[in-house]
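First comes the structure, then the notes that go with it.
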Amino acid sequence: MDPLEFEDIKEIFLQFKSLHKNIHEFTSKKSNIQSLSADQCYLLGLIDHFGHPNQKILAERLKITPATLSVRLQRLEKAGFIEKIVSKQDKRNITLHITEKGNKEIESCKDGIKMFTTRLFDGINKEDLDRMKTYCQIFEKNIRLMKEELDVQD
Numbered sequence: 001m002d003p004l005e006f007e008d009i010k011e012i013f014l015q016f017k018s019l020h021k022n023i024h025e026f027t028s029k030k031s032n033i034q035s036l037s038a039d040q041c042y043l044l045g046l047i048d049h050f051g052h053p054n055q056k057i058l059a060e061r062l063k064i065t066p067a068t069l070s071v072r073l074q075r076l077e078k079a080g081f082i083e084k085i086v087s088k089q090d091k092r093n094i095t096l097h098i099t100e101k102g103n104k105e106i107e108s109c110k111d112g113i114k115m116f117t118t119r120l121f122d123g124i125n126k127e128d129l130d131r132m133k134t135y136c137q138i139f140e141k142n143i144r145l146m147k148e149e150l151d152v153q154d
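For the sequence shown, the positions run 1 to 154 when UniProt numbering is used.
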């Protein structure tokens, strides 16, 4: 099998960029109608998944700085979706808890994400999806290898 040249793959790369932009625009427009953005729904879902995590766990999971996460959490807290609980044993340990209002919103978020995702993948069968997963795994592996090469150069 002949290796691909840049010209062979340029169009699909541009389509990836366009798809990412369109998804972002759609979810932003949808979040203006609903109470939370897609990112906020995801963050709320992560808090639910980890069951009272601290900010360090979430920042690592999201691959963002604690300061960036703090701003996002403040918005959720101000809107009444989460609350921060300070440990009585160690005042430095603050865990995140979802409020009743937050739990209701999580269900709405899950429904919205499920509907969006199934509509996005309309017309794609199981074989197509398995192929897409394989391609994504190859991309991830190749990116890891390129990162390792950069690390060796440093």
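C-beta atoms are modelled at their ideal positions from N, C-alpha and C, and glycine is treated no differently. Because the structure is a prediction, the values reported are computed rather than measured.
In this structure, DSSP gives I85 an extended state, which the three-state scheme calls strand. For L96, the closest alpha carbon among the candidates L73, G112 and D90 is that of L73. Under the DSSP assignment, H97 falls outside any alpha helix (DSSP H), being part of the beta strand (DSSP E) whose first and last residues are I94 to I98.
Here C41 is buried, its C-beta having at least 16 other C-beta atoms within 10 Å. Taken atom to atom, the span from the alpha-carbon of G80 to that of P3 is near 54 angstroms.
Going by DSSP, L150 is part of the alpha helix (DSSP H) stretching over K126 to Q153. Between the C-alpha atoms of G112 and I106 there is a straight-line separation of about 10 angstroms.
Boundaries for A79: no alpha helix (DSSP H) harbours it, and the DSSP string shows neither H nor E there. P53 and A67 have their C-alpha atoms spaced approximately 16 angstroms apart. Taking one beta carbon from each stretch, the region 42-62 and the region 88-104 have 3 or more pairs nearer than 8 angstroms; the two touch. Ranked by Cα distance from L120, the first of R92, F13, N22 and F6 is N22.
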